[in-house]
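J.: Numbering that gives the first Met the number 0 numbers the first residue of the sequence shown as 0 and each following residue consecutively.
The beta carbon of each residue, even a glycine, is placed where N, CA and C say it ideally should be.
The structure's right below; bear with me while I get my questions together.
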Amino acid sequence: MLMNFRIFTVNHQKISSLHMNNMCCCKIIASLKRLKPNIPVGRNYGSLPGLIENDIKSLRSIINPPIAKIRNIGIMAHIDAGKTTTTERILYYSGYTRSLGDVDDGDTVTDFMAQERERGITIQSAAVTFDWKGYRINLIDTPGHVDFTLEVERCLRVLDGAVAVFDASAGVEAQTLTVWRQADKHKIPRICFLNKMDKTGASFNYSVETIREKLKAKPLLLQLPIGEAKTFRGVVDVVSKEKLIWNPNSDDGKDFERKPLLEMNDPELLKKTIEARNTLIEQVADLDDEFAGFVLEEFSENFDSLPAEKLQTAIHRVTLAQTAVPVLCGSALKNKGVQPLLDAITMYLPSPEERNYEFLERISRLLLPFADQHIEIPSLTAGNIALTVGLKRTVTGDTIVSSKSSALAAARRAKREGEKDRKNREVETLLLAGVEVPEPVFFCTIEPPSVAKQPDLDHALKCLQREDPSLKVRLDPDSGQTVLCGMGELHIEIIHDRIKREYGLDTYLGPLQVAYRETILSAVRVTDTLDKTLGDKQHLVTVDLEVKPTQSSSVTPVIEYAEDISEDILKTSQEAIENGIHMACLQGPLLGSPVQDVTVTLHSLITHPGTSTTMISACVSRCIQKALKKADKQVLEPLMNLEVTVTREYLSPVLADLAQRRGNIQEIQTRQDNRVVIGFVPLAEIMGYSTVLRTLTSGSATFALELSTYQAMNPQDQRTLLNQRSGSTKVF
Ligand SMILES: Nc1nc2c(ncn2[C@@H]2O[C@H](COP(=O)(O)OP(=O)(O)OP(=O)(O)O)[C@@H](O)[C@H]2O)c(=O)[nH]1
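Given below as structure tokens:
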């Protein structure tokens, strides 16, 4: 239980042991100056906050701004929607950087890993801290690729709000749905930013419709675009009835004009804006009683004169309650619409105190993150995001508390409350939600360059696993090889690459294999006896048990005990029995894959006095293996949800290819000029698909894959697979 209580406990007080008053002012200034980070060559950074002022008052406000002025936000989206480009603009306009980074040139601040810069994608979340109009914004840029879903989840847990970035020519895409569901789970208030309004095919209305239909969210249109695709020039602020036009001659988007909409200049646009504003007021009044009362009392006849600030405050409340989502638009690449997005972040997303965390943190070293650079800070108030180092046993998903006794108190309280009501609010605020680790679907063997390097490889894998629990590492009991299990081809490729770059080890990967599972179709009862004499001690166990199929979709077997199993046996041997059962179910008789959907019933267990628990486990395990071998068996294969976005001209070859891959097409949607093919396909058939799809469509199509379920293979495919495997070395 204690394990669940590591990471992040904060009280709304300053951390007393590191309190600034306890330190000499000059010492703080000196240490901050010393800690000025190395600036990478090639980028031009502005002054990092905390390094300019030398009086203690401003240092205090830099490190610990008032909590109401803090926004901890994440940026989340489908791959390539433009999160990193938007983040780059945000950093530039806030003064954090002095030049614009470009994903396509590989010089962005938040994609600082070598692999990210080379591939132009985000793999690891990066945190940056900057100020905007008197607010402190701690921002996390998260990956969009489905292989790194867990990385998104581990960030969402500590955020107070998020910006969901969409490609306005595609609207809601497959991975948007996944991250949206994760944000729902963690109850994160959100703002939507429809990016790429400059792109051919961009459609504000279509994207808003997909938010309504696919995400089942209520969009609040706070802006309207002025022009679309090539003609996109700016936006209308619906709340204030102003138009914002960016100067076409400005190359960094800093120069834009904000003007009230006037009847004589823009009659049509003004009419459209008033209609949109009236709709917005009605929508917000429907969702917020306080605002409804205010509107009815004073402005029911004339929405037009309703003050913008009142509407903004009500939108803030509605966003916080997550009953609706504000929608803004722009083009990060063309430098339009990012400054109003920053305003909206400060105006509508909550401060940490509005999110009710009551935690206390006590840590030896604290660092403020600036992407890949860190500044050590002496103290931190609640609501901030900071890094800490040196926690050797902490893994992603843990909650840290200040002491053992408070962890125990929290565990007791959580248990009590959890028994009363699993969804109890108090428990939710006490603990940050853990991360849900998805099942790995691929595996391959990994070998160090020499046997002497095996300990170094083990160490590297141990460190990488603590950071990324979706990476599983196990030892193949038959061959003694190390086996990596991951979320996808890209995931394993990146891990391989990181071992080389970060740990200096040139490892060899075996061929990538699909993680199959096995199950049984009939019940079997078996008895087995183990009789071994070690030294002068006899170990004698006889086990009688039954395995039968169940519907649990889980690799954890259901364990039952027959009525005549005595309390005494359970007291002394239950742990050994269950260890034996779990061990046996990890290796099915067909492929050596984990066995799912089974119930094991223990009918009797007879032991000679002095028999060790290890021998009991071994006998139970052997007995189950025997039973599994005798039963009718079935291989289960991972079935993936697949979404392919392809232009009309390439639809036929893509469909023909999917038919050969045992694909099952459910639906073909029309999205502007594109077709979106939605269906299922067995994972084994889709390995290396990105290369095939690129060739088939001249690089114009994109696809997203996600595990749907494990399904039974048909007898013929199963036979082919088993024949192939019996010829090759067994890895699992
Ligand atoms: N036309 C257009 N292209 C854009 C815009 N914003 C980003 N892009 C391009 O879209 C591609 C993806 O942009 P990124 O910023 O890397 O997207 P991302 O969401 O961070 O991608 P991942 O981190 O890999 O999920 C790049 O080629 C960008 O240049 C935009 O506003 N308009």
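Could you name the residues that DSSP lists as bridge partners for I244?
T.: Within the sequence shown, numbered from 1, the residue matching residue 244 stands at position 245. Partner(s): G233, E256.
J.: Please classify V238: does DSSP put it in a helix, a strand, or coil?
T.: The sequence position of residue 238 within the sequence shown is 239, counting from 1. Coil, per DSSP.
J.: Indicate whether Q372 and Y92 have their beta-carbon atoms separated by less than 8 Å.
T.: The residue labelled residue 372 in the question sits at position 373 within the sequence shown. The residue labelled residue 92 in the question sits at position 93 within the sequence shown. Not in contact: Q372 and Y92 (Cβ atoms no closer than 8 Å).
J.: Measuring straight from C-alpha to C-alpha, what distance separates T646 and N204?
T.: Position 647 of the sequence shown, counted from the first residue, corresponds to residue 646. Position 205 of the sequence shown, counted from the first residue, corresponds to residue 204. Roughly 21 Å between the two C-alpha positions.
J.: For G678, collect the residues of the same chain with a Cβ closer than 6 Å to its Cβ; drop the 5 residues on either side in sequence, then sort them by chain order.
T.: Along the sequence shown, one-based indexing puts residue 678 at 679. Around G678: L641, G662, N663, I664, Q665.
J.: How is the beta strand (DSSP E) around L539 delimited, first residue to last?
T.: Within the sequence shown, numbered from 1, the residue matching residue 539 stands at position 540. Per DSSP, L539 belongs to the beta strand (DSSP E) from 536–548.
J.: Take C25 and list the residues in its own chain whose beta-carbon comes closer than 8 Å to its own, dropping the five residues that flank it on each side.
T.: The sequence position of residue 25 within the sequence shown is 26, counting from 1. Reliability of the predicted coordinates at C25 is poor, the pLDDT of 26 falling under 50, and the value obtained from them is presented with this limitation in mind. Here the set comprises nothing.
J.: Alpha helix (DSSP H) containing A291: first to last residue?
T.: Stepping through the sequence shown from its first residue, residue 291 is reached at position 292. Segment 288–293, the alpha helix (DSSP H) holding A291.
J.: For A331, is the beta carbon positioned less than 7 Å from some heavy atom of ligand 2?
T.: In the structure shown, ligand 2 is absent; the only ligands present are ligand 1.
J.: Starting from G73, follow its DSSP beta bridges and name the residues at the other end.
T.: Locating residue 73 in the sequence shown gives position 74, counting from the first residue. For G73, which the question treats as bridged, DSSP gives the partners I139, A161.
J.: For the stretch 71–82 against the stretch 170–183, are there 3 or more C-beta pairs whose distance is under 8 Å?
T.: A contact exists between the stretch 71–82 and the stretch 170–183.
J.: Looking only at its own chain, which residues have a Cβ that is under 8 Å from the Cβ of Y560, when we skip the five neighbours before and after it?
T.: Walking along the sequence shown from the start, residue 560 turns up at place 561. The answer, listed in chain order, is L569, T600, L601.
J.: Since D455 is in the alpha helix (DSSP H), which residue starts that stretch and which ends it?
T.: If you number the sequence shown from 1, residue 455 lands on position 456. Where D455 is concerned, the enclosing alpha helix (DSSP H) stretches over 453–466.
J.: Quick one: what does DSSP say D251 is sitting in, helix, strand or coil?
T.: The residue you call residue 251 lines up with position 252 of the sequence shown. Coil.
J.: Taking 8 Å as the cut-off, decide whether the C-beta atoms of V283 and L243 are in contact.
T.: Counted from its first residue, the sequence shown places residue 283 at position 284. Counted from its first residue, the sequence shown places residue 243 at position 244. The answer is no: Cβ separation not under 8 Å.
J.: I'd like to know whether the C-beta atoms of P448 and D505 end up nearer to each other than 8 Å.
T.: Position 449 of the sequence shown, counted from the start, is the residue given in the question as residue 448. Position 506 of the sequence shown, counted from the start, is the residue given in the question as residue 505. Closer than 8 Å, so yes.
J.: Using a Cβ-based criterion (distance less than 7 Å to any ligand heavy atom), does F81 qualify as near ligand 1?
T.: Your numbering for residue 81 matches position 82 in the sequence shown. The question names Phe, but residue 81 is Gly in the sequence shown. Yes, the Cβ of G81 comes within 7 Å of a heavy atom of ligand 1.
J.: Could you compute how far the alpha carbon of P510 sits from the alpha carbon of C443?
T.: Locating residue 510 in the sequence shown gives position 511, where the first residue counts as 1. Locating residue 443 in the sequence shown gives position 444, where the first residue counts as 1. Spanning the two alpha carbons is a distance of roughly 6 Å.
J.: Quick check: the stretch 603–613 against the stretch 692–701, are at least 3 beta-carbon pairs closer than 8 Å?
T.: No contact exists between the stretch 692–701 and the stretch 603–613.
J.: For Q715, does the count of other Cβ atoms within 10 angstroms reach 16, so buried, or fall short, so exposed?
T.: For the purposes of this step, residue 715 is identified with residue 716 of the sequence shown, where counting begins at 1. It is exposed - the Cβ of Q715 has fewer than 16 other Cβ atoms within 10 Å.
J.: Report the rounded CA-to-CA distance for K184 versus G329, giving the unit in angstroms.
T.: Taking the sequence shown and counting its residues from 1, the one referred to as residue 184 is at position 185. Taking the sequence shown and counting its residues from 1, the one referred to as residue 329 is at position 330. K184 and G329: Cα-Cα distance of roughly 28 Å.
J.: Of the residues D527, A630, P64, which one's Cα is nearest the Cα of V597?
T.: One-based indexing of the sequence shown puts residue 597 at position 598. Selected option, being the one with the closest Cα: A630.
J.: Using the Cβ count rule (16 or more neighbours within 10 Å means buried), how would you classify Q512?
T.: Here the question's residue 512 lines up with position 513 in the sequence shown. Per the 10 Å Cβ criterion, buried.
J.: Where does G503 land, buried or exposed, given buried means 16+ other C-beta within 10 angstroms?
T.: As a position in the sequence shown, residue 503 is number 504, starting the count at 1. It is exposed - the Cβ of G503 has fewer than 16 other Cβ atoms within 10 Å.
J.: Excluding five sequence neighbours on each side, which residues of the same chain lie with their C-beta closer than 8 Å to the C-beta of I685?
T.: Indexing the sequence shown from 1 puts residue 685 at position 686. The answer, listed in chain order, is M639, L641, R660, L704.
J.: Between the alpha carbons of Q723 and R180, how many angstroms are there, rounded?
T.: On the sequence shown, residue 723 is found 724 positions in, with the first residue counted as 1. On the sequence shown, residue 180 is found 181 positions in, with the first residue counted as 1. If I take the Cα positions, the gap works out to 39 Å.
J.: Give me, in chain order, the residues of the same chain whose beta-carbon lies closer than 6 Å to that of N578; leave out the 5 immediate sequence neighbours on both sides.
T.: Here residue 578 refers to the residue found at position 579 when the sequence shown is read from its first residue. Excluding positions up to five away in sequence, the list reads S616.
J.: For the beta strand (DSSP E) that contains T613, what are its first and last residues?
T.: Taking the first residue of the sequence shown as 1, we reach residue 613 at position 614. Unbroken run through T613 is the alpha helix (DSSP H), 612–629; no beta strand (DSSP E).
J.: Under 6 Å Cβ to Cβ from R524, same chain only, skipping five residues before and after it: list those, please.
T.: Here residue 524 refers to the residue found at position 525 when the sequence shown is read from its first residue. These residues qualify, in order along the chain: E545.
J.: Give me whichever residues DSSP pairs with H373 in a beta bridge.
T.: On the sequence shown, position 374 is the one that residue 373 refers to. Note: H373 sits in a beta bridge opposite P368.
J.: Can you tell me the Cβ-Cβ gap for L155 and A182, rounded? I've got them flagged as a contact below 8 Å.
T.: Taking the sequence shown and counting its residues from 1, the one referred to as residue 155 is at position 156. Taking the sequence shown and counting its residues from 1, the one referred to as residue 182 is at position 183. Confirmed, about 6 Å.
J.: Count the other CB atoms, across all protein chains shown, that sit within 10 Å of the CB of K625; report buried if there are 16 or more and exposed otherwise.
T.: On the sequence shown, position 626 is the one that residue 625 refers to. Buried, since its Cβ has 16 or more Cβ neighbours within 10 Å.
J.: Just grab the DSSP bridge partners of K531 for me.
T.: As a working note, residue 531 is residue 532 in the sequence shown. BP columns for K531 point to H538.
J.: Is the Cβ-Cβ distance between P218 and L319 less than 8 Å?
T.: In the sequence shown, the residue the question calls residue 218 occupies position 219. In the sequence shown, the residue the question calls residue 319 occupies position 320. No, Cβ-Cβ distance for P218 and L319 is not below 8 Å.
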